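A short write-up of the structure that comes next.
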Amino acid sequence: MPHRTSRRTLLTATAATAAAAATGGFAATPALASAHTTNASTDSRLRRIIAGMSLEEKVGQLFVMRVYGHSATEPDQVDIDENLKEIGVRTAAELIAKYHVGGIIYFTWARNTRDPHQIADLSNGLQHAALAERSRVPLIVSTDQEHGIVCRLGAPATLLPGAMALGAGASRSDTRRAAWIAGAELAAVGINQNYAPDADVNVNPANPVIGVRSFGSDPDAVSDLVAAQVKGYQGAGIAATAKHFPGHGDTNVDSHTGLPVINHTRAQWEELDAPPFRAAIRARIDSIMTAHIVVPALDPSGDPATLSRPILTGILREELGYDGVVVTDSLAMQGVRTKYGDDRVPVLALRAGADQLLNPPNLSVAWNAVLKAVRDGELTEARIDESILRILRLKSGLGLFRDPFVTHGGVDRTVGSRAHLAAADRIAERTTTLLDNPGSLLPLSRRTHRSLLVVGADPASPSGTTGPPTTVLAKAFGELGFSAQALSTGTAPKQAKIDEAVAAARGRDAVIVATYNVTATSSQRTLVTALVATGVPVITVAIRNPYDVAHLTGAGVAASLAAYSWIDVELRAAARVIAGRAEPEGTLPVPVQRADDPTQVLYPVGHGLSY
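Be aware that the sequence shown starts at 0, since it is given in numbering that gives the first Met the number 0, and climbs by one per residue.
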């Protein structure tokens, strides 16, 4: 069977990354096949493993579950309490022993990701618990490490630009390298499946859940970068996951809290939404995640795609020819729970064609429902075996049956290495987009504009380890020779805070404002207008969606930039661009419409100024 390079080989090879990063290349590793690629002898071995499983063990293999705590066997008391409340077990090891789960997902809020050595120890502890089971099947350990605004592992791990920033950079090489770095660091701590890249085409500026998680609005450009990331992640030895099938880019409802409906025709879906998933499949993607969305043109039943046989089996399996692992989006999200109860959702997902059932709200209810469905004949055991075979092919292709463990030495050689951090800085510089510079204030000169005030939004760090943004920006300007003061004004500044910012601006040479999803009625706009009225030049930096500039046009802003995220690497890059230490090379991967007339484009795809 074609297989991936072992984890130890990959970690040893990481020493070559420094030279590769210096030349824009990759560490030398063999060409790697998709993990669900197989042959008859391997399938025969995996089928023997499946035949030796009890029905309970088979059902368990289908589930990927959250668990609280930093340790598989000795979590803190607060985590024991949460586990008992939500799952009925004390520890991750007890979870594995009771439900025989096939995978564990890490979350920051579940306190799984304190630091790299702890994560590696947790991963090893989970694998020891899995191998203590009668069937001795290793675990898939997964997480959402998209980078940009969705990060579970924080510093000292390397944090990289997210999808839309990479879309602004428009470099397949940078995009692939970012995924390779991210994948190598995940592999080093024992995470072997990443729920990335996002393959959604963001054609709706009001999309509340995708936005900058998408590479952009052009299906062809998104397809190129999705394929690049698939190759990067899987070349680093982990499974990539294209999401959210059949495409979540044109919604105005968040599927975490409701059930979105996408009214694209079948022809529109083929033109807009399908291409990135086709590209991922051509790149031999290991897994594809479903979306909790209704697409009437693809299935008029009103069922979300996660529960739709016409979509998962009819389109994804039969029309697109995909035979890898299909994982549901989290079954705890409201979008998939709107129409059916928690006992029906996992059964219907399997009937639709899903293989992995991710994070049900109540594992006991979900696990027992699937067990009952098989015993009652609603699901055949052969259907369950079909999904388990795909899952075991993935585990085998990842090398988990050979060696699922990682070492502290591998962590130290790989995670947050100097070469990775330097590459992240260079990639980020090539993504920062200069949208407007009417008076040519930028690049900012230390001789004429040395004294700066940095104000604006300070959203919480995606990973819990970075920021706050205004402080990061002020520090970055300080390191560049400016004198900079930070003042957090928030995403909805009150008049008192606006007055404080105006007072602090007086006597300064320029004000930098970090904006975060400005709207027509946003008090962030009031803040910018008040600062402009002081006569001090105002520079805005959109630290999430690039659409902010549409609501600030006409406010008298001296310059506007888009950074696409508030993680440190992108903020530091924006500071270097403002200071002229780096050229603004990014261009918009989405159009920005006028705020007063959304039918008119203010800045088209590809817009971006230079010095």
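Here a beta-carbon is modelled for each residue, glycine too, at the ideal position from N, C-alpha and C. Model, not experiment: these values are computed from the prediction.
Short of 6 angstroms from the beta carbon of I314, and not among the five residues preceding or following it, lies no beta carbon of its own chain.
Annotation: the continuous alpha helix (DSSP H) that includes D78 extends over Q76 to E85. Where V501 is concerned, there is no enclosing beta strand (DSSP E), although the alpha helix (DSSP H) around it starts and stops at Q494 to A504. Closest option to A239, judged by alpha-carbon separation, among G323, V294, P207 and T312: G323. Each residue's CA atom was taken as its position, placing A304 and V294 some 7 angstroms apart. Between A581 and E428, the beta carbon gap of about 4 angstroms places them in contact (Cβ cut-off 8 angstroms). With respect to the 7 angstroms criterion, A368 and V325 are not classified as neighbours on the basis of their beta carbons. For D384, the closest alpha carbon among the candidates R44, V58 and T41 is that of V58. Secondary structure note for I287: it is in no alpha helix (DSSP H), and the uninterrupted beta strand (DSSP E) holding it is S286 to T289. Per DSSP, G166 is one residue of the alpha helix (DSSP H) stretching across A162 to G168. At the C-beta level, A92 and A119 stay beyond 7 angstroms of one another.
As computed with DSSP, F62 is found in a beta bridge with L356.
L357 is positioned such that its CB atom lies no closer than 7 angstroms to that of V136. Contact annotation: L452 and R507 have beta-carbon atoms nearer than 7 angstroms. The three-state secondary structure of V188, taken from DSSP, is coil. When the Cα atoms are used, I426 and L349 turn out to be separated by approximately 40 angstroms. The beta carbon of G579 sits closer than 6 angstroms to the beta carbons of P442 from its chain, once the five residues preceding and following it are set aside; these are given in chain order. About 4 angstroms separates the beta carbons of S559 and D435, which is inside the 8 angstroms limit, making them a contact pair. Looking at L159, Q523 and R389, the one whose alpha-carbon comes closest to that of G455 is Q523. The three-state reading of DSSP puts K242 in strand, counting E and B together.
With distances taken between CA atoms, G161 lies nearest to Q228 out of V517, Q228 and P115. Put simply, the segment 218-235 touches the segment 275-291. At least three CB pairs are less than 8 angstroms apart.
Per the C-alpha coordinates, the member of T447, R89, D143 and K338 positioned closest to P461 is D143.
Straight-line measurement puts the Cα of G189 at about 7 angstroms from the Cα of V140. E73 is classed as exposed because its beta carbon has fewer than 16 other beta carbons within 10 Å across all chains shown. Beta bridge pairing from DSSP links A39 with no other residue. Distance from the Cα of E56 is smallest, within the candidate group A459, L130 and V211, for L130.
Secondary structure at N436: coil, using DSSP grouped into helix, strand and coil. DSSP places Y602 in the uninterrupted beta strand (DSSP E) bounded by V600 to Y602. Beta bridge pairing from DSSP links L608 with L433. Scanning its chain for C-beta atoms nearer than 7 angstroms, with the 5 sequence neighbours on each side dropped, one finds around P467 the residues D457 and S487, in chain order. One alpha carbon belongs to R212, the other to G147, and they sit about 8 angstroms apart.
Note that the C-beta distance between A331 and P299 is not below 7 angstroms. Beta-bridge partners of V414 (DSSP): none assigned.
By DSSP's assignment, L451 forms a beta bridge with A483 and A509. Assignment of alpha helix (DSSP H) within the segment 512-542, counting only whole runs of 4 or more residues, yields 522-531 in chain order.
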